[in-house]
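Take a look at the structure below.
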Amino acid sequence: MKVLIVGGGGREHAIAWKVARSKRVDKLYCAPGNAGIAQVAECVNIGVMDFEKLTAFAKEQDIDLTIIGPDDPLAAGAADAFQAAGLKVFGPGKDAAILEASKAFSKDLMKKYHIPTAAYETFDSPEAALAYVETAALPIVLKADGLALGKGVLICRTREEAREGVRSLMMDRQFGTAGDRIVVEEFMTGREVSVLSFVDGKTVRVMTSAQDHKRARDGDEGLNTGGMGTFSPSPFYTEEVDAFCREKIFQPTVDAMRAEGRTFKGIIFFGLMLTEKGPKVLEYNARFGDPETQVVLPRMKNDIVDVFEACIDGTLDQVELDFEDNAAVCVVLASDGYPEHYEKGLPISGLEEFEGREGYYAFHAGSKFDDRGRIVTNGGRVLGVTALGEDLKKARANAYEAAQWVRFDNKYMRRDIGKAIDEA
Ligand code: AMP
Ligand code: GLY
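Counting from 1, position 96 in the sequence shown corresponds to residue 547 in my numbering; the numbering is continuous, with no gaps.
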């Protein structure tokens, strides 16, 4: 069959790598893709928001299945556009993608269906929000309602920071209209875990757990980023935690979406905080995580195309997911200065080291071919170097070894990805 993947980051490279391993796939395209994805798919120069061109391409090429990677096109109705064109697509429609696209929606959903999450209030006016933060307990968390590249969350430790935060989100519109409404939330402490799941509208099948590292600098210092590295599984996600989450969080979320007339088919990514009072939802995403996918999919045994189709067909209850009994660590190689100012267009070398080495992967996040045909950096996050190992410590050692193979000017990485493993 012919498959099209929409997106061009490290997540899509990991998805493309996995789809390319399916025995059922003869031809794989990716729009727009990147220089790494070009190793496993034919890249097509169409942007992720250009639904007209994407659906026209899928029709022309007789694409049998399209997988939408990123949140922005899903929230804007990419899956609906494919469906309307009579094309088979994996990913939630706009109605269901709101689970991620509006934090106010997801918080209200959790409240209505008694799904454990932090206490919160929603504000549409900066005056009311400013009045509220004057008396709220500190620290306090401010969240832009809409999509903000994973950066619309402010943790405010002082009242002045909270006032500043409200002003920058709602009045200076740091994230545009995403901040016209904000959620103000109780601050929670604990371990964070990411759990990705396949959903067919009724059934939810949970993948192995992972943990992200969102801050730019070692020791969780520095600015929030899209994610600087991940490991899988999380040793803190125990069987007991898993049982609780399945009963109180995963299935109730899927049931709640159906009850609201927003049947969800696709990936639900549960961002969880393991608090002293039990697991609580930090956030939902309506897509694969980046860079969680880079550690989860290399451990998955199933043919992923079968699972995608079961979600679309509503037959996921007949599928069991199967993961290797090993571990994976992903270290993101970034351009120094990310997430603020950084250079692009720097030649990358050493990628040939990965060729033919089973269990070592260089997933490209921001790369392209320059006009001389060289692979150069093309984003703040450049590569996600992933390695498998029989346990987390071996996987971490392997990933940091492989991170040395790759060279480009201003290469920056965190040195403490997976350090939490030592405390488990
Ligand atoms: P989100 O995009 O909602 O996952 O938030 C980004 C990050 O902010 C999370 O991964 C947490 O580290 C942090 N965060 C979000 N909400 C809270 C909260 N209520 N309490 C503590 N930390 C939070
Ligand atoms: N790694 C977090 C995210 O994909 O949103």
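Cβ coordinates follow ideal geometry from the N, Cα and C atoms, glycine included. Just so we're clear, the structure is a prediction, and the values are computed from it rather than from any experiment.
- Secondary structure at Leu802: helix, using DSSP grouped into helix, strand and coil.
- Restricting attention to alpha helix (DSSP H) runs no shorter than 4 residues, the stretch 454 to 528 encloses them at 461 to 471, 502 to 511, 522 to 526, ordered along the chain.
- The beta carbon of Ile700 lies closer than 7 Å to those of Ile566, Pro567, Phe721, Pro730, Val732 in the same chain, with the five residues before and after it left out.
- Residue environment for Ser800: exposed (fewer than 16 other C-beta atoms within 10 angstroms of its C-beta).
- Non-local C-beta neighbours of Glu493 in its own chain, meaning closer than 6 Å and more than five positions away in sequence, comprise Tyr480, ordered along the chain.
- With the rule of 3 Cβ pairs closer than 8 Å, the stretch 592 to 602 counts as touching the stretch 616 to 633.
- With a threshold of 6 Å, the Cβ atom of Glu612 does not count as near the ligand AMP, since no heavy atom of the ligand is closer than that.
- Around the ligand AMP, the residues whose beta-carbon falls short of 5 Å from at least one of its heavy atoms are Ala569, Val592, Val604, Glu636, Phe638, Met639, Gly722, Leu733, Glu734, given in chain order.
- Take the alpha-carbon of Leu802 and the one of Ala569: they are about 43 Å apart.
- Membership of Arg656 in the beta strand (DSSP E) is indicated by the continuous run 655 to 663.
- Selection around the ligand GLY by beta-carbon proximity, strictly under 5 Å to any non-hydrogen atom, yields Gly601, Asp663, Gly678, Gly740, Asp741 in chain order.
- For Pro730, the three-state secondary structure derived from DSSP is strand.
- Inclusion of Ser473 and Asp842 in the CB contact set at 7 Å is not warranted, their separation being larger than that value.
- Sequence-distant Cβ neighbours of Tyr863 in its own chain, meaning closer than 6 Å and more than five residues away, are Ala785, Asp787.
- Within the same chain, and ignoring the five residues on either side of Asp515 in sequence, the residues whose Cβ sits closer than 8 Å to its Cβ are Met452, Lys453, Val454, Lys539.
- The DSSP-derived three-state label of Ile591 is strand.
- Between Gln745 and Gly461, the C-beta spacing is below 7 Å.
- Our two residues, Arg614 and Lys554, have alpha carbons roughly 20 Å apart in a direct line.
- Between the stretch 736 to 751 and the stretch 669 to 681 there are three or more inter-stretch CB-CB distances shorter than 8 Å, so the stretches are counted as touching.
- Distances from the alpha-carbon of Gly458 to those of Glu698, Glu578, Phe502 put Phe502 closest.
- Residue environment for Ser685: buried (at least 16 other C-beta atoms within 10 angstroms of its C-beta).
- If you look at Val783, you'll find it in the beta strand (DSSP E) that goes 778 to 790.
- Shortest Cα-Cα distance from Asn736 to any of Thr659, Ala552, Asn829 involves Ala552.
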